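Read in the working numbering, the sequence shown has 211 at position 211, and its numbers run on one by one without any break. Each residue gets a CB set at the ideal place from its N, CA and C atoms; glycine is no exception. Model, not experiment: these values are computed from the prediction. These notes concern the structure reproduced below.
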Amino acid sequence: MPRDAQDCCADPVLDRIARQTGRIMEVDRACVLVRDKDELRSPVQQASYGLRGSGHRFSVDQGMVAQVLATGEPLSVGDYRQLFWPLPHRATDTVQAGGSVPIGWGGRVRGVLSVATTDPTRAFGDRELGMLVDLSELTALTLQCMEQREQLESTLQDGVELLAAAVDLRDHGTARHSEHVVRLAAMVGEAFGLDGRSLRELTFAARLHDVGKIGVPDLVLRKAGPLNGEEWRVMQRHPMAGAEMLRRVPGLEGVAAIVRHHHEHFDGSGYPFGLRGEEIPIASRIISTCDAYDAMTSDRPYRAAMSHDVAVAELRSCSGRQFDPDAVDAVIEMVPLWAESEQELTLH
Ligand SMILES: [Fe+2]
Numbered sequence: 001m002p003r004d005a006q007d008c009c010a011d012p013v014l015d016r017i018a019r020q021t022g023r024i025m026e027v028d029r030a031c032v033l034v035r036d037k038d039e040l041r042s043p044v045q046q047a048s049y050g051l052r053g054s055g056h057r058f059s060v061d062q063g064m065v066a067q068v069l070a071t072g073e074p075l076s077v078g079d080y081r082q083l084f085w086p087l088p089h090r091a092t093d094t095v096q097a098g099g100s101v102p103i104g105w106g107g108r109v110r111g112v113l114s115v116a117t118t119d120p121t122r123a124f125g126d127r128e129l130g131m132l133v134d135l136s137e138l139t140a141l142t143l144q145c146m147e148q149r150e151q152l153e154s155t156l157q158d159g160v161e162l163l164a165a166a167v168d169l170r171d172h173g174t175a176r177h178s179e180h181v182v183r184l185a186a187m188v189g190e191a192f193g194l195d196g197r198s199l200r201e202l203t204f205a206a207r208l209h210d211v212g213k214i215g216v217p218d219l220v221l222r223k224a225g226p227l228n229g230e231e232w233r234v235m236q237r238h239p240m241a242g243a244e245m246l247r248r249v250p251g252l253e254g255v256a257a258i259v260r261h262h263h264e265h266f267d268g269s270g271y272p273f274g275l276r277g278e279e280i281p282i283a284s285r286i287i288s289t290c291d292a293y294d295a296m297t298s299d300r301p302y303r304a305a306m307s308h309d310v311a312v313a314e315l316r317s318c319s320g321r322q323f324d325p326d327a328v329d330a331v332i333e334m335v336p337l338w339a340e341s342e343q344e345l346t347l348h
């Protein structure tokens, strides 16, 4: 039975699985219960259809669910009311026939798919149990894919941080700057309504936009004075060099394209390809504007930081030429909120 029930957000995927299972099986109660990752025992997270308690997490130590979790064997019941253990959330006191089957992958039982009906004329025989087993196998495939995607995301995040650390080592003092740009770009990306995947690529690219500087010689990278023509040509290779590095990493192809174009200008006067307007990926336009604002308002060895007002005036004067006017507007709108959150981060 459920104990220690806690409210939490219902997982949308689990909710959908529960709802579809209820509809396909033509029953009025369905729930999917999934163990916490790496937990061999309880607790489980529940999503349900026709039951209260969706999104709850609780411990399972007895009842059909506990038995299926322990044995990995499907179970059916002709009348739930004849079971001796109390039923979850008092919501099953009217249910009659039903069944529970394990959800497993990787040699482990990871959860349980349960259904029940309040219809006294419905039976739950081998055919129904077989259907439920088929649905649990589909559920297992779905959850396994989600787990693998999470692992890939985590590996990618580690890789991004590793590369960013390598850039920070080569170009001292850039770590704070790139972290600032990541957070400001994320806010601006949200204001632009970018979806989850695009936002993730935007933040990875913001962190790594100068990764190609790893290949720029110290004489150029750390030169205190202005660069001469040849030195500029060397420096201007860094977007292409960075993109070449990143496009070889599976999962970072989109990030590579953003990095490749982070020095393009809205009017076509940038590099490496002289793209203009919307030919430039939106994430590249956002990053170049955020990068410029943070660079202008930060101290540099050769100049003091500009004030916010001066930096804003500079962004406005370059709007439509170097920068996307929409990105300029969004950055200026987001900066107060971003500055506040940066201050909070510093205090903590
Ligand atoms: Fe750059």
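Note on Met146: under 16 other CB atoms within 10 angstroms of its CB, so exposed under the neighbour-count rule.
Counting the other CB atoms within 10 Å of its CB gives Glu128 a total of 16 or more, which places it among the buried residues. Residue state for Cys318 is assigned as coil, using DSSP reduced to three classes.
Bounds of any beta strand (DSSP E) do not take in Ala283; it lies within the alpha helix (DSSP H) bounded by 282 to 296.
Collapsing the DSSP output to three states places Pro325 in a helix. Contact between Pro239 and His265 is absent: CB atoms are separated by about 12 Å, not below the 8 Å threshold. Pro281 is classed as buried because its beta carbon has at least 16 other beta carbons within 10 Å across all chains shown. Of all alpha-carbon atoms in Ala205, Gly98, Leu221, the one lying nearest the alpha-carbon of Gly242 is that of Ala205.
A Cβ-Cβ separation of about 4 Å places Phe124 in contact with Ala97 under the 8 Å criterion.
In its chain, beyond the 5 residues on either side, Leu184, Met187 have a beta carbon closer than 6 Å to the beta carbon of Trp338. Shown here, Arg35 sits in a strand according to DSSP, grouped into three states. Val310 is not bridged by DSSP to any residue. Taking a cut-off of 8 Å on C-beta distances, the stretch 103 to 114 touches the stretch 66 to 75, as three or more cross pairs fall below it.
DSSP links Ala186 through a beta bridge to no other residue. Nearest in C-alpha terms to Leu143, of all of Arg276, Leu315, Ala18, is Ala18. As the crow flies, the alpha-carbon of Thr94 is around 20 Å from that of Leu33.
Rounded to whole angstroms, the gap between the alpha carbons of Arg197 and Asp79 is 46 Å. By the Cβ-count criterion, Leu163 is buried, with 16 or more other Cβ atoms from all chains shown falling within 10 Å of its own Cβ.
Its chain contains Tyr293, Met296, Thr297 as the residues whose beta carbon lies nearer than 6 Å to that of Ala311, once the 5 sequence neighbours on both sides are disregarded; these appear in chain order. The alpha-carbon of Ala224 is positioned some 33 Å away from that of Glu344. About 6 Å separates the CB atoms of Asp171 and Leu221; that is less than 8 Å, so the two are in contact.
Rounded to whole angstroms, the gap between the alpha carbons of Asp36 and Gln157 is 22 Å. The beta carbon of Val255 is closer than 6 Å to those of Glu201, Phe204, Ala205, Leu246 in its chain, skipping five residues each way along the sequence. Taking 8 Å as the cut-off, one finds at least one heavy atom of ligand 1 near enough to the beta carbon of Lys213. Residue pairing for Leu75: DSSP places it in a beta bridge opposite Ser100. Annotated as distal: Gly215 and Arg248, with beta-carbon spacing of 9 Å or more. DSSP, reduced to helix, strand and coil, places Leu113 within a strand of the structure shown. When DSSP states are grouped into helix, strand and coil, Ala243 belongs to the helix group.
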